[in-house]
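Numbering (full-length UniProt numbering), first residue to last: 1 to 429.
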């Protein structure tokens with residue numbers, strides 16, 4: 001028996017029942033405000049019957065929810081897939097479902113288009129990892145810190161990927177080399193210098209280690225941390241010669257403080273906190289658009305989906321109301337700025353359970369404040385769902401904007417080391 005119900009506002013609309021009513025009923029509920037059906041697996045069998053009938057159904061959503069197998073899977077399997085499944089039709093008898101089809105809603109032509117490409121890797125390819133950081137200097141991608149598979153100890157090497165040769169290597173380090181490779185660290189680039197702050201060590205201790213790494217000399221320098229306390233899973237960004245550190249979790253709990261480090265004077269300062277209700281958070285996005293810092297989503301005991309900006313010149317926070325195809329609340333996602341005024345978001349963790357990892361690629365236009373889902377282009381929706389991957393803005397050959405995503409934790413809780421590039425193909429404004 002199959003019955004589809006939906007809510008029209010606050011009214012529950014019950015669909016017709018098709019097939020024989022069984023002794024027990026199972027329900028697969030979808031939060032249609034943030035998710036929707038994309039696939040129905042249909043099993044068809046004719047054994048012992050005059051007419052072929054459906055023996056089992058299974059449903060899948062955009063955000064990775066998968067229903068139980070309803071019925072006994074036997075016979076051939078056919079997959080019905082669409083951008084957004086909004087209805088069903090078919091044929092049923094008194095006891096059986098004989099056929100089923102889906103009605104699909106297709107999106108309008110998007111303002112923004114891009115495509116995912118898996119990047120070929122050679123050389124000393126890093127082992128699978130998550131909770132690491134990544135930044136770009138020229139055509140080289142630098143990665144530091146991570147959580148590795150169980151039983152593998154971390155190292156304090158700076159990993160380097162040359163996009164021109166697609167080759168990984170370990171940068172020979174000298175100077176004040178960090179004692180440990182921490183997970184949940186922050187990493188930003190200013191010119192040819194990288195800045196690494198904070199993270200969590202193997203014992204779960206939050207640290208405030210702060211180093212710079214000169215990529216031209218492969219040399220580490222330890223820097224002062226006189227004003228800022230230990231934290232991990234914070235967010236970092238740079239404007240000019242200033243390094244900004246926001247939020248994270250410390251020994252006293254979740255944070256919403258914002259600090260700035262002046263690289264010329266080597267001085268830390270705490271910036272004003274919002275004068276309105278603003279949840280502390282970790283696992284948020286922090287990006288620079290139009291000279292302002294943009295804070296996106298994160299976790300404060302529950303997943304968040306809010307957006308805020310901070311104007312360093314005015315020393316002012318503003319909550320931003322966004323619209324459109326908003327991503328569901330999440331943390332630990334990949335994000336980057338492209339085309340100067342858009343913020344991309346991919347994947348992340350949508351609930352506190354480790355396996356509740358989502359996919360989906362979204363774009364926020366910071367001028368119109370409208371979200372757009374931008375998954376499908378040329379038939380591939382991109383990498384499988386993952387969270388706690390490293391990401392950064394990057395311009396490939398020809399100066400084409402995009403976002404690089406490396407590693408992460410999959411829905412199975414396994415770690416991965418895939419490298420993917422989301423390349424901008426078209427942009428209407």
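A virtual CB, placed ideally from N, CA and C, is assigned to each residue, including glycine.
Contact annotation: the stretch 310-326 does not touch the stretch 340-349, with fewer than three C-beta pairs closer than 8 Å.
Contact between the stretch 169-187 and the stretch 144-159 is present, with at least three C-beta pairs closer than 8 Å. As a beta-bridge residue in DSSP terms, residue 242 pairs with 239 and 262. With a cut-off of 8 Å on Cβ pairs, the stretch 260-276 is in contact with the stretch 214-226, counting three or more such pairs. Nearest to residue 248 by C-alpha distance, out of 338, 420 and 199, is 199.
Looking at the DSSP output, residue 66 bridges to 60. For residue 14 and residue 4, the gap between their C-alpha atoms comes out near 7 Å.
Cβ contact annotation for residue 208 (same chain, cutoff 8 Å, sequence separation greater than five): 197, 198, 225, 228, 229, 230 and 231, in chain order.
By the criterion of a C-beta distance shorter than 6 Å, residue 404 is surrounded in its chain by 392, 394 and 421, once the five residues flanking it on both sides are discounted. Under the DSSP assignment, residue 356 falls outside any beta strand (DSSP E); it carries neither an H nor an E label.
The C-beta distance from residue 192 to residue 214 rounds to 7 Å, short enough to fall under 8 Å.
In this chain, the beta strand (DSSP E) harbouring residue 78 covers 76-92. The three-state secondary structure of residue 99, taken from DSSP, is strand.
Note that the stretch 305-318 touches the stretch 264-283; at least 3 beta-carbon pairs, one per stretch, sit closer than 8 Å.
Contact between residue 28 and residue 55 fails: their C-beta atoms lie close to 17 Å from each other, not under 8 Å. Nearest Cα to residue 287 within the set 187, 414, 16 and 120: 187. In this structure, DSSP gives residue 390 an extended state, which the three-state scheme calls strand. Residue 105 has its alpha-carbon roughly 42 Å from the corresponding atom of residue 244. DSSP assignment within the stretch 113-169 yields no whole alpha helix (DSSP H) run of 4 residues or more. Residue 132 and residue 74 have their C-alpha atoms spaced approximately 44 Å apart. In the DSSP assignment, residue 370 is bridged to 323 and 365. Taking 8 Å as the cut-off, the Cβ atoms of residue 190 and residue 237 do not count as close. With fewer than 16 other CB atoms across the displayed protein chains lying within 10 angstroms of its CB, residue 311 is exposed.
Rounded to whole angstroms, the Cβ separation of residue 407 and residue 390 is 6 Å, and the two are in contact under 8 Å.
When DSSP reads this structure, residue 308 sits in a beta bridge with 295 and 319.
Judged by beta-carbon spacing, residue 283 lies beyond the 8 Å limit of residue 246, meaning their Cβ atoms are not closer than that value. Distance between residue 367 and residue 291, taken at the CA atoms: about 13 Å. In this chain, the beta strand (DSSP E) harbouring residue 45 covers 37-45. Under the three-state reduction of DSSP output, residue 217 falls in the coil class, being neither helix nor strand. Contact check for residue 358 against residue 114 fails: the beta carbons are separated by 8 Å or more. Cβ-Cβ distances below 6 Å link residue 321 to nothing in the same chain once the five nearest sequence neighbours on each side are left out. Under the three-state reduction of DSSP, residue 5 is assigned to strand. The continuous beta strand (DSSP E) containing residue 417 extends over residues 415-427. Boundaries of the beta strand (DSSP E) around residue 194: 193-200.
Going by DSSP, residue 401 is part of the beta strand (DSSP E) stretching over 401-410. Shortest Cα-Cα distance from residue 51 to any of 88, 83 and 99 involves 99.
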